[in-house]
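One structure is given here, and the rest of the page talks about it.
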DNA sequence: ACCTGAACACCGTTCAAGT
DNA sequence: ACCTGAACACCGTTCAAGT
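Protein chains in written order, with the working numbering: chain B, 200 to 448; chain C, 200 to 448.
Set out below in structure tokens:
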């Protein structure tokens, strides 16, 4: 046992030596528990038992720290199925998409921290490589690869961000009231479809809610749209394959 | 002319009577010009020539103000083509999608303000109504409507947010350097596709850039993915139509 | 009724000073 | 080399006091 004498610990809450990795992990923990409002350089330092200014010896800035948190979460995305030769191209891309979404959905406060930061980190590049690999296996030609990749990112990341955004109810009471009022029957005049379907859509469809999450319809809807997108990829890739085959022969 | 004597204006920069609408418009102008960093209650009050605390008589809170800005931008989305009987269902939904994206892309700092706020405002409901109308015209049945709507929102809004996010380069120098380094040839070991295609993808594909916008490939990629999605909607709607017709007869 | 200045409880970041 | 306290230039919001 290398436990130091208890006297040495007096007044120092968990004083392990500081380094960049532990700072990022603690920052992620604070974000996960209390959202971005609970993550300031001051609260972070307090949680680590150091002074605020000590953090700046291991971390260059708060924006840098936030990007590091995003990369930490992206480490959860599994790219192994992408290179599994037993799987057909379509289910490889589906696995990657679901894993991506699962990672983002598992961290409901991450979207608060994605603002304006481009994710050009080791893990985001690992995922980009895997996605491009899948699209090629689908038969998407190099001329369409950029568009297909951007559309895939737009759907998978965009949907997930939007979903977690929608899950976070505004803590502002003025806003809560304004939004509740908007859903009252009286304000649905002129919106016949919304009125007709509100019972079905409320708390299930994006935006049409004022509290709570999407009652698990996020999973179903994400899959529904993903299959729609993959259907088109498959058809387009198949068409491209036949075309190149035709010109070769 | 009801111009008051010039003496009455001494030292009062544009002192028009305060009201909620002008506050929201000025706030939007500040956001549009300088991003969210340039929009504080203090700078806003200064731009309007009043004290900070005076704003709180017309606007309940900053979160409320941000939602009002979003609604102001959503007013630009044109839902008229949705109800044009001359247009086929598919091009109605395409028009709506493009108009939505155009509004979001025209305000590159709006994404900084969308954080955690649900858009349950008059204009967001007008757009939701229009989208649901289009999906029904497509032949999507009520059982699939929620999923189809969520997938559409995820793609259209998600893609647009992601695109404007990516367009905003991090102002932090520490971050700029880290991202540039990530794109150096040395760091592309283990990413064969990225290395092979980097010349084509850089500054065109999402994430794979460290400065500048997506060189206009956002337009093309958005349209590419949208057509892929609409293809699937059309097929699914058609199948549903045939199915209900079959059971009816 | 509407606006003001001052105050409260926070931010991220820097920097001379300590060990 | 690493950490500290104090300071700087900001935040959103409140509230007694003015007119």
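Don't be surprised by glycine CBs; every beta carbon is placed ideally from N, CA and C.
- Excluding the 5 residues flanking it on each side, residue 393/B has same chain C-beta neighbours closer than 7 angstroms at 387, in chain order.
- Judged by DSSP in its simplified three-state form, residue 251/C adopts helix.
- Nearest neighbour of residue 231/B by Cα position, chosen from 424/B, 314/B, 358/B and 303/B, turns out to be 303/B.
- Residue 243/B and residue 250/B have their C-alpha atoms roughly 9 angstroms apart.
- With a threshold of 16 other beta carbon atoms within 10 Å, residue 398/B falls short and is exposed.
- Contact check between the region 262–280 of chain B and the region 360–374 of chain C: three or more CB pairs, one atom from each, fall below 8 angstroms, which counts as touching.
- In the DSSP annotation of this structure, the continuous segment of the alpha helix (DSSP H) that includes residue 332/B starts and ends at 321–336.
- DSSP, read as helix, strand or coil, puts residue 355/C in helix.
- Taken through DSSP and simplified to helix, strand or coil, residue 282/C comes out as helix.
- In this structure, residue 421/B sits away from residue 291/B, with a CB-CB distance that is not shorter than 9 angstroms.
- When DSSP states are grouped into helix, strand and coil, residue 370/B belongs to the coil group.
- In the three-state reduction of the DSSP assignment, residue 406/B falls in the coil class.
- Contacts with chain B at 9 angstroms (Cβ-Cβ) do not include residue 230/C.
- Using a CB distance cut-off of 9 angstroms, residue 328/B counts as an interface residue toward chain C.
- With at least 16 other beta carbons inside 10 angstroms of its own, residue 365/C counts as buried.
- In the DSSP annotation of this structure, the continuous segment of the alpha helix (DSSP H) that includes residue 292/C starts and ends at 288–304.
- Counting along the chain, the unbroken alpha helix (DSSP H) around residue 262/B starts and ends at 261–273.
- A Cβ-Cβ separation of about 18 angstroms leaves residue 296/B out of contact with residue 430/C under the 8 angstroms criterion.
- Residue 405/C and residue 270/B have their C-alpha atoms spaced approximately 16 angstroms apart.
- Residue-level contact check: residue 301/B does not touch chain C, since none of the beta carbons of chain C fall below 9 angstroms from its beta carbon.
- The Cβ of residue 347/C sits closer than 9 angstroms to at least one Cβ of chain B.
- The three-state secondary structure of residue 235/C, taken from DSSP, is helix.
- When secondary structure is reduced to three states using DSSP, residue 428/B falls in the helix class.
- Using a Cβ distance threshold of 9 angstroms, residue 424/B and residue 346/C count as a contacting pair.
- Within chain B, not a single residue places a beta-carbon under 7 angstroms from that of residue 290/C; the smallest gap is close to 18 angstroms.
- With contacts defined by Cβ atoms closer than 9 angstroms, residue 247/B and residue 427/C do not form a contacting pair.
- Residue 391/C places its beta carbon 9 angstroms or farther from that of residue 286/B.
- Among the CB atoms of chain C, one or more fall inside 9 angstroms of the CB of residue 424/B.
- Of the candidates 335/C, 358/C and 218/C, the residue whose Cα lies closest to the Cα of residue 256/C is 218/C.
- One thing to note: residue 361/C has its Cβ within 9 angstroms of the Cβ of residue 352/B.
- Contact between residue 354/B and residue 354/C holds, since their C-beta atoms are separated by about 5 angstroms, short of 8 angstroms.
- Comparing alpha-carbon positions, the option among 358/B, 381/B and 277/B lying closest to residue 320/C turns out to be 381/B.
- Within the region 351–372 of chain C, 352, 353, 354, 356, 357, 358, 360, 361, 364, 365, 367, 369 and 371 place their CB atoms closer than 7 angstroms to a CB of chain B, listed in sequence order.
- For residue 339/B, there is no enclosing alpha helix (DSSP H), since its DSSP letter is neither H nor E.
- In the same chain as residue 437/B, and ignoring 5 residues on each side of it, the C-beta atoms closer than 7 angstroms to its own belong to 338, in chain order.
- Taking 9 angstroms as the threshold, the shortest C-beta distance from residue 417/B to chain C falls below it.
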